[in-house]
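Notes follow the structure.
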Amino acid sequence: MIMIKFQKQYHKQNTPFNWKTPTTLAIFGATLFGSSLTENTIDDKNKKKEAGAKRSDLPTYTAEEVSKHDNKSSFWVTYKHGVYDVTKFLPSHPGGEQIMNAAGLSIEPFWNVYGMHKTEEVFELLENFRIGNLHDDDVVDHSDEELWVKEPLRDKRLIVKTAKPFNAETPPEHLIAHFDTPNELFYVRQHMPVPELDEGSHRLRVIVQAGTGNDAEFSLEQLGQMPQTTVRATLMCAGNRRSDMTKQVPKPVKGISWAGGAVGTALWGGVLLRDLLLHCAVDLDNPGDKHVIFTGADVDATGTKFSTSLPLSAVCDRDSRILVCTRMNGTPLPADHGRPLRLVVPGAPAVRSVKWLESITISTEESSSHWHKKDYRSFNSSKDWDTADFEKAPPVYSLPVTSAICYPADGDTVKVENGCIEVKATPTTGSPFTSRGDGRLSPAALGQAQYCGPTCAHYGNIAVLK
Ligand SMILES: Nc1nc2c(c(=O)[nH]1)N[C@H]1C(S)=C(S)[C@@H](COP(=O)(O)O)O[C@H]1N2
Ligand SMILES: [Mo]
Numbered sequence: 003m004i005m006i007k008f009q010k011q012y013h014k015q016n017t018p019f020n021w022k023t024p025t026t027l028a029i030f031g032a033t034l035f036g037s038s039l040t041e042n043t044i045d046d047k048n049k050k051k052e053a054g055a056k057r058s059d060l061p062t063y064t065a066e067e068v069s070k071h072d073n074k075s076s077f078w079v080t081y082k083h084g085v086y087d088v089t090k091f092l093p094s095h096p097g098g099e100q101i102m103n104a105a106g107l108s109i110e111p112f113w114n115v116y117g118m119h120k121t122e123e124v125f126e127l128l129e130n131f132r133i134g135n136l137h138d139d140d141v142v143d144h145s146d147e148e149l150w151v152k153e154p155l156r157d158k159r160l161i162v163k164t165a166k167p168f169n170a171e172t173p174p175e176h177l178i179a180h181f182d183t184p185n186e187l188f189y190v191r192q193h194m195p196v197p198e199l200d201e202g203s204h205r206l207r208v209i210v211q212a213g214t215g216n217d218a219e220f221s222l223e224q225l226g227q228m229p230q231t232t233v234r235a236t237l238m239c240a241g242n243r244r245s246d247m248t249k250q251v252p253k254p255v256k257g258i259s260w261a262g263g264a265v266g267t268a269l270w271g272g273v274l275l276r277d278l279l280l281h282c283a284v285d286l287d288n289p290g291d292k293h294v295i296f297t298g299a300d301v302d303a304t305g306t307k308f309s310t311s312l313p314l315s316a317v318c319d320r321d322s323r324i325l326v327c328t329r330m331n332g333t334p335l336p337a338d339h340g341r342p343l344r345l346v347v348p349g350a351p352a353v354r355s356v357k358w359l360e361s362i363t364i365s366t367e368e369s370s371s372h373w374h375k376k377d378y379r380s381f382n383s384s385k386d387w388d389t390a391d392f393e394k395a396p397p398v399y400s401l402p403v404t405s406a407i408c409y410p411a412d413g414d415t416v417k418v419e420n421g422c423i424e425v426k427a428t429p430t431t432g433s434p435f436t437s438r439g440d441g442r443l444s445p446a447a448l449g450q451a452q453y454c455g456p457t458c459a460h461y462g463n464i465a466v467l468k
C-alpha cells in the first residue's frame, strides 16, 4: 500500500495549508489505489535536469530552521535536498500569493499539483536562489504518484500540452471532420488531478446566502426526474490560440501555449440552471448585483476547491441556456469532462463551465478563489505583468464570436475554382448559439487573413494555384 507522506508541521497549525484537513485527505485518499498510467514522456524528459540535488559546497539546514523563514522579509522553501531563499522572487511569482502557502516548507507537494513548474527553465530559476542543503533526516519523499494514479486513460490522438495536470487539444483535422466533437477527442483542460466521484452518492448543493430562496440538495436521480434539455454548445478555453498571440504581440505571454484546438462542440444534456434555481424559489426577476458561485470537487495543494462565479443577472437571462449537465453527446459525462455533473455556460470562456460540480451558491460576492480573482480577467493592452492589477480588472464573462479556419491548413497549396476556394472552419464560439464557418471565399480575403463572413479568420500561409 502507498502511504501519503505529510510534511512536518512545525508552527503552522492555523494556516490554510494543512495536509491533514479531512477534505484534502478524503479526496487525495480516494486516489490511492488503482492501476498506474504509463509514464509520460514529457515528465521523463524533465526528470533529467531536476533541481534539488545535494551540493557539497553549501551549508546544511534542518527543516525546523527553514520553517522560521516564512514571511515576506525572509522566505525560504525546500525542494528535494535543496534549500532556497526566494524572498526576492515573491513579487514576480506568476501565481501571485499562492506561493505564500509554501512558506518555510517544501514546494514539492505544490508542484506535484501545479505540474507546469516542472520544466528545465523553472528548475534552473529555482537553483539561482540556492543557499543550502536540507538535512538528510528531513528530506521527505513527496512522490506525486498517489495524486495521479486514478487519471483517466486518454485518446492517443489528443495533442498533449502538459501531462500533470492533463491539458490536451483536439487535432485540427478532427475539429472539421465532425460538427459535434467526439467525446474522446474533445480538448481537456485541467488545473488539478481529476477527482473520482461516485454517481450514486454525489450530491449537488444549492446554497442561498443572499436574497430569497431555499437551500437544497439534489442526487443525480432527482436531477434526472426534472425536465431535461439538450443544448448544443461550443466550449473554448480563453487561452485558445495563445501561440498565435505570442507571435503577434511584442510582450511576453504566459500560460499554456495552445494552438487552435482548445475548442470543441457537443450536445450537452441536463437541467437548465434557471429551472433548478426556480425550483429552489430563487427570485430570478430581481437579480440585483448578486453572484452565483460554482464549486467543483477538484482540490489544489492547499485543499481549496476549484471555483468561479457568474453574475446572477446572466443566469436569469432566459436565452443564456446555462445547463447543469450529466450527458455529453448522448452518453454520461466522461471523467475528464466532469463526471458525473458539470455546468455548461454557452458563449462564456469555458473556465466558467465548472466540472465535477458540487455546489451552487447565491452570494453578494464573486467567487473568492484564485481562479476567479487572479485569472481570466481582461486588461487594457497598455498593461503588462508588472502593472496588471487582477483584482481590479473585470472578469471575462463572454468571448468575441470567433472561428478558426482549419482547411486549408498552414502551408497547404489550394486551387481556385470559379474565383473561390473552399474553406472549413471550427464551429463558432462566443455566442450562446453555435454555427459553423464553412464556405467559399475569395483567395484575396483568405490571403490577407481578413474576416470572412462575420466570424472566421485564417492564421496561416497558403499558396494559391491560379
Ligand atoms: N472543476 C473544474 N472545472 C473546470 C476546470 C477545472 O480545472 N476544474 N477547467 C476549466 C477550464 S479553464 C476549461 S477551458 C474547461 C475545459 O473543459 P473540458 O476539459 O471539458 O474541455 O473546463 C473548465 N472547468
Ligand atoms: Mo480554459
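One gets the numbering used here by counting positions in the sequence shown from 1 and adding 2 to each.
Even for Gly, the Cβ is constructed at its ideal location relative to N, Cα and C.
Confirm the yes/no value for this check: CB of Val-353, any heavy atom of ligand 2, distance under 7 Å.
To locate residue 353, count along the sequence shown from 1; it is residue 351. Under cutoff, so the answer is yes.
Is the beta carbon of Gln-192 within less than 7 Å of some heavy atom of ligand 1?
Numbered from its first residue, the sequence shown carries residue 192 at position 190. Yes, the beta carbon of Gln-192 sits closer than 7 Å to at least one heavy atom of ligand 1.
Taking the alpha carbon of Phe-125 as the point to measure from, which residue in Val-85, Asp-157, Asp-277 and His-372 has its own alpha carbon closest?
Counting from one through the sequence shown, the residue named residue 125 turns up at place 123. When only C-alpha atoms are compared, the closest one is Val-85.
Check the DSSP bridge columns for Val-210 and list the partner residues they point to.
Along the sequence shown, read from residue 1 onward, the residue named residue 210 stands at position 208. Answer is Ile-364, bridged to Val-210.
Span of the beta strand (DSSP E) around Pro-313
Translated into the one-based positions of the sequence shown, residue 313 becomes position 311. That run of the beta strand (DSSP E) goes 307-313.
Does any heavy atom of ligand 2 sit closer than 7 Å to the C-beta of Cys-327?
In the sequence shown, counting from the first residue as 1, residue 327 sits at position 325. Outside the cutoff, so no.
Using a threshold of 7 Å, is the CB atom of Ala-240 nearer than that to any non-hydrogen atom of ligand 2?
Indexing the sequence shown from 1 puts residue 240 at position 238. Ala-240 Cβ: within cutoff of ligand 2.
Range of the contiguous beta strand (DSSP E) that encloses Leu-222:
Reading the sequence shown from its first residue, position 220 is the one you call residue 222. First-last for Leu-222: 222-227, but that is the alpha helix (DSSP H), not the beta strand (DSSP E).
Using a Cβ-Cβ cutoff of less than 6 Å, which residues in the same chain neighbour Asp-509 once the five nearest sequence positions on both sides are dropped?
This structure leaves residue 509 out entirely; the chain is present only between 3 and 468.
Can you tell me whether Pro-195 is helix, strand or coil according to DSSP?
One-based indexing of the sequence shown puts residue 195 at position 193. Looking at Pro-195 - three-state DSSP - the assignment turns out to be coil, as it is neither helix nor strand.
Between the stretch 230-249 and the stretch 283-301, do three or more beta carbon pairs fall short of 8 Å?
No, they do not touch.
Nearest by alpha-carbon distance to Glu-201: which of Arg-329, Val-353, Ala-390 and Asp-72 is it?
Here the question's residue 201 lines up with position 199 in the sequence shown. The shortest Cα separation from Glu-201 among Arg-329, Val-353, Ala-390 and Asp-72 belongs to Arg-329.
Which same chain residues end up closer than 8 Å to Ala-170 when comparing Cβ atoms and leaving out the 5 residues on each side of it in sequence?
Walking along the sequence shown from the start, residue 170 turns up at place 168. For Ala-170, where only same-chain residues beyond five positions count, the Cβ hits under 8 Å are Arg-156, Leu-160, Ile-161, Val-162, Lys-163, Tyr-189 and Val-190.
Mapping DSSP to helix, strand and coil, what is Met-118?
Residue numbering aside, residue 118 sits at position 116 when the sequence shown is read from its first letter. Helix.
Between Val-68, Ile-133, Gly-266 and Ala-316, which has its C-alpha nearest Gly-2's C-alpha?
The requested residue 2 does not occur in the structure, where the chain is confined to residues 3 to 468.
Report buried or exposed for Arg-320, applying the criterion of at least 16 other Cβ atoms within 10 angstroms of its Cβ.
The count along the sequence shown starts at 1 and reaches residue 320 at position 318. Exposed, because fewer than 16 other Cβ atoms sit within 10 Å of the Cβ of Arg-320.
Does the separation of the CB atoms of Leu-349 and Ser-309 fall below 8 Å?
Looking up residue 349 in the sequence shown gives position 347. Looking up residue 309 in the sequence shown gives position 307. The sequence shown places Gly at residue 349, rather than the Leu named in the question. Not in contact: Gly-349 and Ser-309 (Cβ atoms no closer than 8 Å).
Less than 7 Å separating the Cβ of Phe-112 from some heavy atom of ligand 1?
The residue you call residue 112 lines up with position 110 of the sequence shown. Phe-112: no, Cβ never under 7 Å from ligand 1.
Taking only heavy atoms of ligand 1 into account, decide whether any of them is closer than 7 Å to the Cβ of Val-347.
Counting from 1 along the sequence shown, the entry for residue 347 is found at position 345. Checking the Cβ of Val-347 against ligand 1 gives no.
For ligand 1, is there any heavy atom lying closer than 7 Å to the beta carbon of Gly-298?
Here residue 298 is taken as the residue at index 296 of the sequence shown, counted from 1. At least one heavy atom of ligand 1 is nearer than 7 Å to the Cβ of Gly-298, so yes.
Tell me, please, which residues DSSP counts as bridged to Ala-268.
Residue mapping note: residue 268 aligns to position 266 of the sequence shown, counting from 1. According to DSSP, which records beta bridges pairwise, Ala-268 is partnered with Ala-235.
Taking the alpha carbon of Trp-78 as the point to measure from, which residue in His-119, Ala-53 and Phe-131 has its own alpha carbon closest?
As a first step, residue 78 is located in the sequence shown; it is residue number 76 there, counting from the start. Of all alpha-carbon atoms in His-119, Ala-53 and Phe-131, the one lying nearest the alpha-carbon of Trp-78 is that of Phe-131.
Opposite Ser-76 in the DSSP bridges: which residues?
The residue labelled residue 76 in the question sits at position 74 within the sequence shown. According to DSSP, which records beta bridges pairwise, Ser-76 is partnered with Asn-73.
Using the beta-carbon count (16 or more within 10 Å), is His-95 buried or exposed?
Working through the sequence shown from its first residue, we reach residue 95 at position 93. Exposed, by the Cβ-count rule.
Could you give the DSSP three-state label for Cys-282: helix, strand or coil?
Taking the sequence shown and counting its residues from 1, the one referred to as residue 282 is at position 280. Coil, per DSSP.
Close-in-space but distant-in-sequence residues of the same chain around Asn-48 (CB under 8 Å, 5 per side omitted)
Here the question's residue 48 lines up with position 46 in the sequence shown. With a pLDDT of 44 at Asn-48, under the threshold of 50, the modelled position of that residue is not reliable, and no figure is offered here.
Grouping DSSP H, G and I as helix and E and B as strand, with all else coil, what is Pro-167?
On the sequence shown, position 165 is the one that residue 167 refers to. Correct three-state label for Pro-167: coil.
Taking a contact to mean a Cβ-Cβ separation below 8 Å, would you say Thr-231 touches Val-273 in this structure?
Translated into the one-based positions of the sequence shown, residue 231 becomes position 229. Translated into the one-based positions of the sequence shown, residue 273 becomes position 271. Contact flag set, yes.
Give the single residue among Val-347, Thr-236, Leu-359 and Ser-69 whose Cα lies nearest to the Cα of Arg-341.
Here the question's residue 341 lines up with position 339 in the sequence shown. The shortest Cα separation from Arg-341 among Val-347, Thr-236, Leu-359 and Ser-69 belongs to Leu-359.
According to DSSP, residues forming a beta bridge with Asp-319
Translated into the one-based positions of the sequence shown, residue 319 becomes position 317. DSSP output for Asp-319 lists no bridge partner at all.
Leu-160, enclosing beta strand (DSSP E) - first and last residue:
If you number the sequence shown from 1, residue 160 lands on position 158. Careful: Leu-160 lies outside any beta strand (DSSP E) and carries neither H nor E.
Spatial neighbours of Val-210 in its chain, beta-carbon cut-off 7 Å, leaving aside the 5 residues before and after:
In the sequence shown, counting from the first residue as 1, residue 210 sits at position 208. Only Asn-216, Asp-217, Cys-282, Val-284 and Ile-364 meet the Cβ criterion.
If we ignore side chains and look at the alpha-carbon of each, how far apart do Leu-312 and Trp-270 end up?
Mapped onto the sequence shown, residue 312 falls at position 310. Mapped onto the sequence shown, residue 270 falls at position 268. Looking at the backbone, the Cα of Leu-312 and that of Trp-270 are separated by about 20 Å.
Between Glu-41 and Val-301, what straight-line distance do the alpha-carbon atoms span, to the nearest angstrom?
As a first step, residue 41 is located in the sequence shown; it is residue number 39 there, counting from the start. As a first step, residue 301 is located in the sequence shown; it is residue number 299 there, counting from the start. Any reading at Glu-41 is ruled out, since the residue's pLDDT is 27, under 50, leaving its predicted position unreliable.
Quick check on Lys-249 - is its C-beta less than 8 Å from some C-beta in chain C?
Judged by its chain identifiers, the structure shown contains no chain C, having just a single protein chain.
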